[in-house]
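2 protein chains.
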Amino acid sequence: MEIAMKNCMSCERSASCILGRLPETELREISKRVKSLYYVRGQVIWQEGVYRPGCFILCQGRALLTVRKSGEAKRRILKFLQTGDLIPCVNASHNGERIYNDFVVQVEAETPALVYYLPASSFRSFVMRHPSVATKVIERLSVVARELLHEIWISSYCDVRARVARVLMELQGAAQFERQPLLRQVIADLVGVNRKVTNKALYNLMEEKIIAIQDHKIEVLDERRLRELQV
Amino acid sequence: MEIAMKNCMSCERSASCILGRLPETELREISKRVKSLYYVRGQVIWQEGVYRPGCFILCQGRALLTVRKSGEAKRRILKFLQTGDLIPCVNASHNGERIYNDFVVQVEAETPALVYYLPASSFRSFVMRHPSVATKVIERLSVVARELLHEIWISSYCDVRARVARVLMELQGAAQFERQPLLRQVIADLVGVNRKVTNKALYNLMEEKIIAIQDHKIEVLDERRLRELQV
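Note that the protein sequences, when read in sequence, are chains A and B.
Residue numbering for the first sequence follows our numbering, beginning at 21 and increasing consecutively.
Residue numbering for the second sequence follows our numbering, beginning at 21 and increasing consecutively.
Structure follows, in structure tokens:
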């Protein structure tokens, strides 16, 4: 637990973390209550209706917020979660009921990940004594809600080429670009269409010399035009 | 203010309201801090980046949570808000910055509406003294986030007929059904496609004798099959 606490004290993401900027004594207190959970790449960190309620913070590594239909492999990636991010599945009640039977919201480790978990009862009692943490959680969740609203608009009304351009702009420079075998599927999952449709849009961008694809590697040739195209 | 407070004390939606079940003394206290805002039908209650930060509760009437592209009439309806609902745009900071320049999240009165508004500073100080309210806000926002995730899946991967069936099931029996001239546009805005595509799906359901359309009125003839069709 001392390691966990030390991490918080020296964490470079403390500005964006809900526990960031807490006084040292309070960090020490919370470090006694958090459970450190380690995940390998691909492992499910949280799944609606299955995992216990509480508050999860991604302390190291990256994760994906996804939604899938029960029993289907197809997933939609909604958000890349970074170190310091709150996993937006906070549930302060003891009742971890699933809301939808057919759709599963899930958070998956995209890299090896360390997560701090505050069980619902600890989270509630901590918030009772440190309500400033609660207002941070509220703000973070409001931002997530607005990002999701934005995403719904895009999924409903914007064409696939513009959505692919947006995803490429977002992924550019990100570590995702280095793991090429995954990339096209990741793009498809982020855009919310199948691989065939994604490939067609990528091919189209290639023909216009906005991107180049060689040995399955995607390279952005004309960032200005890609930016113009994006949603 | 006494009227506002009285409403809270006798409100039949207190179970779902973030202020519900507070002791009378606390309700009295909060009633001194809330601002009662009245809206006519169609008026904007909240708009991202324009309205002041804080917490809004819909006390009477119905409202729509929508997203639109700046300068376009086209809107996507994300959620019907009912009496007692938190308007999911809580922002406890003084900084009401807009996150996206091109997309506007907005809450519109669908009927004449009464809203309680707690400005950011009052909301923060109230939460500091009543953290149980904060945990209710957190839970409500988590549920909204999950509903939006679900909606993103549906918008991405489900066909229009299934989505129209779902919307018809949801609207069935609701007051929306009574105001027929609006209905088809509301269905289109809820499904996230244009009216032409919506009409085609409705026509298709009519041909299969699942619904009837007469004098612009939509009637569900076969609820069982409609339920089977829905997402």
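Backbone N, C-alpha and C fix where the C-beta goes; we use that ideal spot for every residue, glycine too.
Considering T86(B), what are the terminal residues of the beta strand (DSSP E) in which it resides?
Within the second sequence, the letter at position 66 stands for residue 86(B). Per DSSP, the unbroken beta strand (DSSP E) holding T86(B) starts and ends at 83-89.
Could you check where the beta strand (DSSP E) with P139(A) kicks off and where it finishes?
Taking the first residue of the first sequence as position 1, residue 139(A) is located at position 119. Where P139(A) is concerned, the enclosing beta strand (DSSP E) starts and stops at 133-139.
Between S176(A) and chain B, is any beta-carbon pair separated by less than 7 Å?
Looking up residue 176(A) in the first sequence gives position 156. Yes, S176(A) lies at the interface with chain B (some Cβ there is under 7 Å from its Cβ).
Please classify C28(B): does DSSP put it in a helix, a strand, or coil?
Here residue 28(B) refers to the residue found at position 8 when the second sequence is read from its first residue. The answer is helix: DSSP assigns C28(B) an H, G or I state.
For C178(B) and G212(B), what's the separation of their Cα atoms in angstroms?
As a first step, residue 178(B) must be located in the second sequence, where it is residue number 158. As a first step, residue 212(B) must be located in the second sequence, where it is residue number 192. So the alpha carbons of these two residues sit roughly 12 Å apart.
DSSP three-state label for I172(B), please.
For the purposes of this step, residue 172(B) is taken as the residue at position 152 of the second sequence. The answer is helix: DSSP assigns I172(B) an H, G or I state.
Boundaries of the beta strand (DSSP E) in which R95(B) is found, first to last residue:
Taking the second sequence and counting its residues from 1, one reaches residue 95(B) at position 75. Per DSSP, R95(B) belongs to the beta strand (DSSP E) from 95-101.
From the DSSP output, which residues share a beta bridge with Y223(A)?
Counting from 1 along the first sequence, the entry for residue 223(A) is found at position 203. DSSP output for Y223(A) lists no bridge partner at all.
Given this structure, state the Cα-to-Cα distance separating I207(A) from A182(A), to the nearest angstrom.
For this step, residue 207(A) is matched to residue 187 along the first sequence. For this step, residue 182(A) is matched to residue 162 along the first sequence. For I207(A) and A182(A), the distance between alpha carbons rounds to 12 Å.
Tell me, which residues are paired with C75(B) by DSSP?
Reading the second sequence from its first residue, position 55 is the one you call residue 75(B). For C75(B), which the question treats as bridged, DSSP gives the partners L138(B).
Less than 7 Å between CB atoms is the rule here; does V158(B) satisfy it with respect to chain A?
Translated into the one-based positions of the second sequence, residue 158(B) becomes position 138. Before going further, note that residue 158(B) is Ile rather than Val in the sequence given. Put simply, the CB of I158(B) is near chain A, with a gap under 7 Å to one of its CB atoms.
Nearest chain A C-beta to T155(B) closer than 7 Å, yes or no?
Working through the second sequence from its first residue, we reach residue 155(B) at position 135. It does; some Cβ of chain A falls within 7 Å.
Local conformation of A35(A) per DSSP, three classes:
Position 15 of the first sequence, counted from the start, is the residue given in the question as residue 35(A). DSSP, read as helix, strand or coil, puts A35(A) in coil.
Under 7 Å between the Cβ atoms of A165(A) and P73(B)?
Counting from one through the first sequence, the residue named residue 165(A) turns up at place 145. Counting from one through the second sequence, the residue named residue 73(B) turns up at place 53. Taking a C-beta distance under 7 Å as the contact criterion, A165(A) and P73(B) do not qualify as a contact pair.
Where does I50(A) fall in DSSP's three states?
As a working note, residue 50(A) is residue 30 in the first sequence. Secondary structure at I50(A): helix, using DSSP grouped into helix, strand and coil.
CA nearest to the CA of F76(A), picked from D105(A), V240(A), C31(A), R215(A):
Numbered from its first residue, the first sequence carries residue 76(A) at position 56. Of the listed residues, the one whose Cα sits closest to F76(A) is D105(A).
DSSP-derived helix/strand/coil call for Q205(B)
Within the second sequence, the letter at position 185 stands for residue 205(B). If DSSP states are grouped into helix, strand and coil, Q205(B) belongs with the helices.
I think R186(A) touches Q250(A), with their Cβ atoms under 8 Å apart; what is that distance to the nearest whole Å?
On the first sequence, position 166 is the one that residue 186(A) refers to. On the first sequence, position 230 is the one that residue 250(A) refers to. Right, their Cβ atoms sit about 4 Å apart.
DSSP beta-bridge partners of Y58(B)
As a working note, residue 58(B) is residue 38 in the second sequence. DSSP output for Y58(B) lists L134(B) as bridge partner(s).
Only counting the same chain, and skipping five residues up and downstream in sequence, which positions put a Cβ closer than 6 Å to that of D242(B)?
Here residue 242(B) corresponds to residue number 222 of the second sequence, with the count starting at 1. The residues are I230.
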